[in-house]
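Numbering-wise, my numbering puts 728 at position 199 of the sequence shown, and it's gapless, one number per residue.
Quick reminder that beta carbons are idealized off the backbone N, C-alpha and C, glycines included.
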Amino acid sequence: MKVQRLKDMQTLVSLCKRRGFVFQSSEVYGGLSSCWDYGPLGSQLKMNVKKTWWNAMTRRADIVGVDAAILMHPMVWKASGHVDGFSDPLVDCKNCKQRFRSDNTDSYLEKKQCPFCGSKDLTEPRQFNLMFKTHMGPTEDASSVVYLRPETAQGIFVNFENCQTTSRKKIPFGIAQIGKSFRNEITPGNFIFRTREFEQMEMQFFVKPGTDAGWFDQWKSIRMKYYLSLGINSDRLRFLPHETLAHYAKAAVDVQYEFPIGWQELEGIHNRSDFDLSQHMKFSGKSLEYFDEAAKEKYIPWVIETAVGCDRLILAVLCEAYREEITVDEKGAEDVRVVLGFKPDIAPVKVCVLPLSKKDELISIAQDLRESLSAEWETQYDESQSIGKRYRRQDEIGTPYCVTVDFDTIQDKAVTVRHRDTMKQERVLIENLNGYIFNGMKKDF
Ligand code: GAP
Numbered sequence: 530m531k532v533q534r535l536k537d538m539q540t541l542v543s544l545c546k547r548r549g550f551v552f553q554s555s556e557v558y559g560g561l562s563s564c565w566d567y568g569p570l571g572s573q574l575k576m577n578v579k580k581t582w583w584n585a586m587t588r589r590a591d592i593v594g595v596d597a598a599i600l601m602h603p604m605v606w607k608a609s610g611h612v613d614g615f616s617d618p619l620v621d622c623k624n625c626k627q628r629f630r631s632d633n634t635d636s637y638l639e640k641k642q643c644p645f646c647g648s649k650d651l652t653e654p655r656q657f658n659l660m661f662k663t664h665m666g667p668t669e670d671a672s673s674v675v676y677l678r679p680e681t682a683q684g685i686f687v688n689f690e691n692c693q694t695t696s697r698k699k700i701p702f703g704i705a706q707i708g709k710s711f712r713n714e715i716t717p718g719n720f721i722f723r724t725r726e727f728e729q730m731e732m733q734f735f736v737k738p739g740t741d742a743g744w745f746d747q748w749k750s751i752r753m754k755y756y757l758s759l760g761i762n763s764d765r766l767r768f769l770p771h772e773t774l775a776h777y778a779k780a781a782v783d784v785q786y787e788f789p790i791g792w793q794e795l796e797g798i799h800n801r802s803d804f805d806l807s808q809h810m811k812f813s814g815k816s817l818e819y820f821d822e823a824a825k826e827k828y829i830p831w832v833i834e835t836a837v838g839c840d841r842l843i844l845a846v847l848c849e850a851y852r853e854e855i856t857v858d859e860k861g862a863e864d865v866r867v868v869l870g871f872k873p874d875i876a877p878v879k880v881c882v883l884p885l886s887k888k889d890e891l892i893s894i895a896q897d898l899r900e901s902l903s904a905e906w907e908t909q910y911d912e913s914q915s916i917g918k919r920y921r922r923q924d925e926i927g928t929p930y931c932v933t934v935d936f937d938t939i940q941d942k943a944v945t946v947r948h949r950d951t952m953k954q955e956r957v958l959i960e961n962l963n964g965y966i967f968n969g970m971k972k973d974f
C-alpha cells in the first residue's frame with residue numbers, strides 16, 4: 530500500500546466544501562473574498578480544537594480564562610501602538626487602480642513597476658492601517674470611532690488587574706482567551722490561512738522581571754508538546770526565531786508548520802517585556818503594578834505571550850490528517866481510500882452507527898444505540914448505500930469508529946466495531962461499547 534500525503538491546498542478546499550467542513554462566506558451571492566464559514570463538521574472540529582487549547586491552558590493551576598468584548602475603548606489601541614503603527618506600506622497604481630504592498634512585491638522592489646499592469650505611474654508608498662474602523666452610537670464622527678480588535682491580547686492586558694485580584698493568583702500566572710480578531714489584510718489568501726476575520730487563542734503569562742527568559746524557554750517547550758499532542762508530526766514543526774524584533778519585544782519565535790504552501794507561521798511566542806502594561810498605565814493613569822507580598826516589592830510584570838490563530842491551526846490539523854491510501858489489486862485496478870487521521874479528541878464525529886440493512890428491526894436498534902452513544906460522543910447514523918461505501922464516507926471525515934448492527938445483534942446483543950486506521954473489526958457487547966471506545970480512543974490512535 531502506498532500512502533500519499535496532501536499535495537495541494539485545492540484538494541483540501543474541495544473536500545472541506547464537499548463534506549461540510551468549510552464553505553465560502555455568502556456563497557449564494559458569489560462569495561465574499563477571504564471570508565469562510567464553518568459547516569456542520571467544521572464547526573464541531575473547531576469547537577474540539579478550541580477545547581484542547583482551552584483545557585491545556587486553563588486546567589493549569591497558574592492560568593485563568595477571560596472572554597473580553599471585541600469592541601474596546603479607542604484609547605486601548607492608541608496605548609498599544611496599533612493606531613499609529615499597525616500598518617503596511619501601500620502603493621496605488623494610477624493606471625489600473627490596483628493597490629499593493631511596496632515592501633514585499635518583487636516587481637516594485639526590483640523595477641518600481643506595478644505587479645498587475647507593469648505601469649510605472651505609481652503613488653509613493655503610504656501607510657495603510659490594518660484595523661477595521663466603525664462607529665459606536667448614532668453619530669458618525671471622529672468622537673464615535675471604535676475599532677474591531679486586531680488582536681485579543683489587549684483584552685487581557687486591560688483586564689490584568691481584574692483577573693489577578695478576583696482569582697487571587699500570584700505571579701507568575703497567565704490569562705488565556707479565545708476570540709475573534711479582525712485585520713484588513715492586504716494579501717489574504719490560501720484558504721483559511723490568512724483571512725480578514727479570524728479567531729485567535731492567546732495567552733499572556735505575567736512574570737517577575739528577570740525570570741522572563743526562563744519562562745520564554747518553558748513556554749516554547751510547552752507549546753511544542755501541545756502540537757505533538759494534536760498528532761502533528763515533529764518533522765513538520767519547527768521554531769523560527771525572529772530576525773528583527775518589534776519595538777516592544779525582547780525575544781520572539783514563531784512555531785512554524787510545513788503546510789503544502791511551505792513552512793509558515795502557526796504561532797508566535799513573544800517576550801513582550803512590560804511594554805503593554807506600562808503603556809496602559811501611561812494612557813489610563815491607573816497603576817497596574819503588582820505588589821509581591823513575599824518580596825515586599827512592587828513591579829510591573831513582564832509578559833510571555835503565546836498566540837495562535839485557531840483557523841490556521843484548523844488548517845494545519847486538516848493538512849496533517851489528510852492521507853490517501855492507494856492499493857492496487859491483482860488485476861491492476863487502483864483503489865484510493867481517503868482518510869482524515871485526526872486524533873480522536875478533535876475528530877468531529879467519534880462514532881457512526883450503521884444498520885447492516887434497512888430492515889426495521891436493525892434500524893430501530895441502530896437508532897436507539899446512536900442516541901445512547903450520543904450522551905458521551907459526537908455521533909452519526911447512516912443507513913444509505915453499501916456498508917463499504919458508508920465506511921469510506923466516515924474515513925473521509927475522520928471518524929475513529931464505525932459500529933455495525935447486524936442480524937446477530939438481535940440475539941447476541943453485540944455489534945461489530947470497525948477501526949478507522951487499521952480497518953480491523955471486533956465484536957463488542959453493546960453494554961461494553963462505551964468503555965471499549967473510551968479506552969480505544971486513548972490507546973489506538
Ligand atoms: N498578540 C500577538 C499577535 O496577535 P500575531 O503574530 O500577529 O501576534 C498571532 O498573530 C497568530 O494569529 C499568528 O501566528 C496566526 O496564527 C494568527 N493570525 C494572525 N493574522 C492572521 C490572519 N490574518 N488570518 C488568520 N490567522 C492570523
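Practice problem: Excluding the 5 residues preceding and the 5 following Phe812 in the sequence, name in chain order all residues of the same chain whose CB lies nearer than 7 Å to its CB. | Solution: Met604, Lys607 and Ala608
Quiz prompt | Rounded straight-line distance, which links the Cα of Gly739 to that of Gly559 | solution = 54 Å
Self-check item: Touching by the beta-carbon criterion (3+ pairs, under 8 Å), the segment 704 to 715 and the segment 812 to 826
Solution: no
Quiz item: So Asn658 and Phe745 are in contact, right, with Cβ under 8 Å, and what is the actual spacing, rounded?
Solution: About 30 Å; that fails the 8 Å criterion.
Quiz item: Secondary structure at Gln914, three-state DSSP: helix, strand or coil?
Solution: coil
Quiz item: Taking Cβ positions, are Phe986 and Leu844 nearer each other than 8 Å?
Solution: Residue numbering for the chain in the displayed model covers 530 to 974; residue 986 lies beyond these limits and cannot be assessed.
Quiz item: Looking at C-alpha atoms only, which residue of Lys546, Ser563, Arg588 and Ser562 is the closest neighbour of Gly571?
Solution: Lys546
Practice problem: On a CA-only basis, which of Tyr777, Phe936 and Arg765 is nearest Ile790? Give me that one, please. | Solution: Arg765
Practice problem: Tell me, to the nearest whole angstrom, how far the beta carbon of Thr928 is from that of Cys881; I am working on the premise that it is less than 8 Å. | Solution: 5 Å
Practice problem: At 3 residues or longer, and completely inside the segment 540 to 618: list those beta strand (DSSP E) runs for me, N to C. | Solution: 551 to 553, 565 to 567 and 592 to 594
Quiz prompt | DSSP beta-bridge partners of Gln733 | solution = Ile704 and Glu834
Quiz item: Just curious, the alpha helix (DSSP H) that Glu690 is in, first and last residue?
Solution: Phe689 to Ser696
Quiz prompt | Helix, strand or coil at Gly969 according to DSSP, with G and I counted as helix | solution = helix
Exercise. Can you check DSSP and say which residues form a bridge with Asn713?
Key: Looking at the DSSP assignment, Asn713 forms no beta bridge with any residue, so it has no partner.
Quiz prompt | Burial state of Gln656, where buried means 16 or more other Cβ atoms lie within 10 Å | solution = exposed
Quiz prompt | Straight-line gap, Lys754 to Ala585 (C-alpha atoms, nearest Å) | solution = 10 Å
Quiz item: In three-state DSSP terms, what is Gln683?
Solution: helix
Self-check item: Beta-carbon proximity list for Gly760, same chain, < 6 Å, skipping 5 on both sides
Solution: Lys872
Self-check item: Inside the segment 915 to 949 only - alpha helix (DSSP H) runs reaching at least 4 residues
Solution: 916 to 926 and 936 to 941
Quiz item: Should the segment 886 to 894 be called in touch with the segment 571 to 582, which here means at least 3 C-beta pairs below 8 Å?
Solution: no
Self-check item: Close beta carbons around Leu757, own chain, < 7 Å, minus the five adjacent residues each side
Solution: Ser763
Quiz item: DSSP state of Lys827, grouped into three classes?
Solution: strand
Quiz item: If you follow the alpha helix (DSSP H) that Glu818 is part of, which residue opens it and which one closes it?
Solution: Glu818 -> no alpha helix (DSSP H), and no H or E assigned at all.
Practice problem: Please go through the same chain and pick out, in chain order, the residues whose beta-carbon is closer than 6 Å to the beta-carbon of Val782, but skip the five residues on each side of it. | Solution: Phe768, Pro770 and Ile798
Exercise. Identify every residue that forms a DSSP beta bridge with Lys662.
Key: Tyr676
Quiz prompt | According to DSSP, residues forming a beta bridge with Lys531 | solution = Ile855
Quiz item: At a cut-off of 7 Å, is Arg712 close to the ligand GAP when judged by its beta-carbon and the heavy atoms of the ligand?
Solution: yes
Practice problem: Kindly examine the ligand GAP and report whether one of its heavy atoms sits closer than 7 Å to the Cβ of Phe727. | Solution: yes
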